[in-house]
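Chemist: Under the numbering used here, the sequence shown has 60 at position 56, and the numbering climbs by one with no breaks.
Would you mind keeping the following structure in view while I ask a few things?
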Amino acid sequence: MQLSDLLRLDGVKVIGAATSKKRLFHDLGAMAQDAFELSQTDVVEALLDREALGPTGVGHGVALPHARLPGLDTVCGLFVRLEKPLDFDSVDRQPVDLVFALLAPETAGAEHLKALALVSRTMRDADVCAKLRANAEPDTLHSILTEVHATQAA
Numbered sequence: 005m006q007l008s009d010l011l012r013l014d015g016v017k018v019i020g021a022a023t024s025k026k027r028l029f030h031d032l033g034a035m036a037q038d039a040f041e042l043s044q045t046d047v048v049e050a051l052l053d054r055e056a057l058g059p060t061g062v063g064h065g066v067a068l069p070h071a072r073l074p075g076l077d078t079v080c081g082l083f084v085r086l087e088k089p090l091d092f093d094s095v096d097r098q099p100v101d102l103v104f105a106l107l108a109p110e111t112a113g114a115e116h117l118k119a120l121a122l123v124s125r126t127m128r129d130a131d132v133c134a135k136l137r138a139n140a141e142p143d144t145l146h147s148i149l150t151e152v153h154a155t156q157a158a
């Protein structure tokens, strides 16, 4: 599995500012609706339900919200770069500016965990995060994310 399997160009966006996690989840829901024809309401509710179990801010300005959805056939990803960092109740109490959301089928046990591990490894790479923060074009952000593991796999 590679990030290019999870992340499409239309699943990458730069957002000036989100006023709250809930507002960000609405933006992610709209992106999921446009990119994957998912119900925005279902995506928002699933992300909020998962976030209620514990914050998905993993530190160093990165959040990895994720949820399982009925009717979804495969794991898919959405990436948002926030121009204005958002408080995300992260483990290190730092605001978040890089958000990689994963949506998985309800029955995707191992596949969901593999995708989450792949995204987590990628977003822990300080060089990748620096490149993401230095660019504001969705196509460039997509290339940075999808080429990192293709290069490592070669």
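Note that the Cβ used here is the ideal one computed from N, Cα and C, for glycine as well.
Could you name the residues that DSSP lists as bridge partners for F40?
Modeler: Position 36 of the sequence shown, counted from the start, is the residue given in the question as residue 40. F40 is not bridged to any residue.
Chemist: Less than 7 Å between C-beta atoms, sequence neighbours within five positions excluded: which residues of the same chain meet that for M127?
Modeler: As a working note, residue 127 is residue 123 in the sequence shown. Here the set comprises V66, L68, L102, F104, C133.
Chemist: Within a Cβ cutoff of 8 Å, which residues of the same chain sit near Q44, ignoring the five residues on either side of it in sequence?
Modeler: Residue mapping note: residue 44 aligns to position 40 of the sequence shown, counting from 1. Taken in chain order, the residues that qualify are H30, G33, A34, A36, Q37.
Chemist: Report the residue ranges of all beta strand (DSSP E) runs contained in full by the region 43-98; include only those spanning at least 3 residues, in chain order.
Modeler: Within the region 43-98, the complete beta strand (DSSP E) runs of at least 3 residues are 61-63, 70-73, 80-90.
Chemist: Put D129 into one of helix, strand or coil per three-state DSSP.
Modeler: Residue mapping note: residue 129 aligns to position 125 of the sequence shown, counting from 1. The answer is coil: DSSP assigns D129 none of H, G, I, E or B.
Chemist: Would you give the residue range spanned by the alpha helix (DSSP H) that S8 belongs to?
Modeler: Translated into positions along the sequence shown, residue 8 becomes position 4. First-last of the alpha helix (DSSP H) with S8: 7-10.
Chemist: Could you give the distance in angstroms between the alpha-carbon of V123 and the alpha-carbon of P74?
Modeler: As a position in the sequence shown, residue 123 is number 119, starting the count at 1. As a position in the sequence shown, residue 74 is number 70, starting the count at 1. The straight-line gap from Cα to Cα measures roughly 22 Å.
Chemist: Just to check my reading of the structure: S94 and G61 have Cβ atoms closer than 8 Å, yes? What is that Cβ distance to the nearest angstrom?
Modeler: Working through the sequence shown from its first residue, we reach residue 94 at position 90. Working through the sequence shown from its first residue, we reach residue 61 at position 57. Right, the Cβ-Cβ distance comes to about 3 Å (below 8 Å), so this counts as a contact.
Chemist: On the premise that L120 lies in contact with L136, defined as a C-beta separation below 8 Å, what is that separation, rounded to the nearest angstrom?
Modeler: Looking up residue 136 in the sequence shown gives position 132. Looking up residue 120 in the sequence shown gives position 116. Not really, about 18 Å apart at Cβ, beyond 8 Å.
Chemist: Here's a check: name, in chain order, each residue in its chain whose Cβ is nearer than 8 Å to the Cβ of D53, leaving out the five neighbours to either side.
Modeler: As a position in the sequence shown, residue 53 is number 49, starting the count at 1. Same-chain partners within the cutoff: A71.
Chemist: Do A56 and R12 have their C-beta atoms closer together than 7 Å?
Modeler: As a working note, residue 56 is residue 52 in the sequence shown. As a working note, residue 12 is residue 8 in the sequence shown. No, the pair does not count as a contact, with Cβ atoms beyond the cut-off.
Chemist: What does the Cβ neighbour count give for E23, buried or exposed, with the cut at 16 atoms within 10 Å?
Modeler: Numbered from its first residue, the sequence shown carries residue 23 at position 19. Rather than Glu, the amino acid found at residue 23 in this sequence is Thr. Per the 10 Å Cβ criterion, exposed.
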